[in-house]
Amino acid sequence: EVQLVESGGGLVQPGRSLRLSCAASGFGFETNVMHWVRQAPGKGLEWISGISWNIGEIAYADSVKGRFTLSRDKVRNSLYLEMNSLRVDDTAVYYCAKSGSSTWHLDSWGQGTLVTVSS
Amino acid sequence: DIQMTQSPSTLSASVGDRVTITCRASRNINSWLAWYQQKPGKVPNVLIYQASTLESGVPSRFSGSESGTEFTLTISSLQSDDFATYYCQQYDTYPWTFGQGTKVEIK
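Quick mapping for you: the protein sequence lines, in order, are chains A and B.
Each number in the working numbering comes from the position in the first sequence (counting from 1) with 137 added on.
Each number in the working numbering comes from the position in the second sequence (counting from 1) with 40 added on.
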């Protein structure tokens, strides 16, 4: 069974940093791509970053490029999102999700972790 | 970036109605389109991928189609469990982008 478990959310002041983690299990990682998707309160879904598990190719949305860094630990089967220079509009539930290895859509999602940026 | 324009933003319907939601891509996305359902406080759940392929376990009343850069999600006979928000998403080109969402409400 695929399991994606996010952690690291919380309340943080504007301009500060936070690191989110996603522990993954129950599937073969080599041909998958892992992602972060966020949802601000009462708003729609926003894809923010993805990483090819095997080759480490990374992509970012313009809204987070230069401030957020995505990485993975192949030994721990974990995904990380380092978020710097946080802004009030980064407040959202952050979901870890995986792409199907041959179908590419987001076929499994974690339960999400809430990040609140406020002074 | 590829823009995904979804309509309508809100839809009022009754149980048993046929419901259609449309999503238009700003350019060719080669059928790399998925539809997700999200209920309040819950995680999004994929319904359709590659424009028209039904995800395993999803009821057959859901279907997807495409015509060029226009994509359609159809619910053939709306059930009470289907009142939710629906999102389209392109995964042809980074950055991946979602439509704004369509909230299906009880009429």
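Every residue gets a Cβ at the ideal spot worked out from N, C-alpha and C, and that includes glycine.
Keep in mind that this is a model prediction, so the values were computed, not measured.
Do you know how far the Cα of residue j is from the Cα of residue i?
i, j, result
"A/Ile-188", "B/Gly-139", "22 angstroms"
"A/Ala-160", "A/Gly-181", "24 angstroms"
"B/Thr-142", "B/Trp-75", "11 angstroms"
"A/Met-171", "B/Arg-67", "25 angstroms"
"A/Gly-230", "A/Arg-224", "Reading off the sequence, residue 230 of chain A comes out as Val, not Gly. For A/Val-230 and A/Arg-224, the distance between alpha carbons rounds to 14 angstroms."
"A/Phe-166", "A/Trp-184", "20 angstroms"
"B/Phe-102", "A/Arg-153", "44 angstroms"
"B/Thr-50", "A/Arg-204", "34 angstroms"
"A/Glu-143", "A/Gln-248", "7 angstroms"
"A/Asn-221", "A/Ser-236", "26 angstroms"
"B/Ser-107", "B/Ser-47", "16 angstroms"
"A/Gln-176", "A/Ala-234", "13 angstroms"
Residues bridged to residue i by DSSP?
i, result
"B/Gln-46", "B/Cys-63"
"B/Ala-53", "B/Ile-146"
"B/Ala-74", "B/Gln-129"
"A/Arg-175", "A/Glu-183 and A/Tyr-231"
"A/Asp-210", "A/Ser-215"
"A/Gln-140", "A/Ser-162"
"A/Ala-196", "A/Gly-187"
"B/Glu-106", "B/Phe-111"
"A/Trp-246", "A/Ala-234"
Helix or strand or just coil, what does DSSP make of residue i?
i, result
"B/Ser-120", "helix"
"A/Val-225", "helix"
"A/Lys-202", "coil"
"A/Phe-164", "coil"
"A/Gly-147", "strand"
"A/Arg-153", "coil"
"B/Trp-136", "coil"
"B/Ile-88", "strand"
"A/Thr-240", "coil"
Cβ contact check for the stretch 211-227 of chain A and the stretch 240-248 of chain A: 3 or more pairs under 8 angstroms: no
The stretch 55-62 of chain B touching the stretch 91-98 of chain B, judged by at least three CB pairs closer than 8 angstroms: No, the stretch 55-62 of chain B is not in contact with the stretch 91-98 of chain B.
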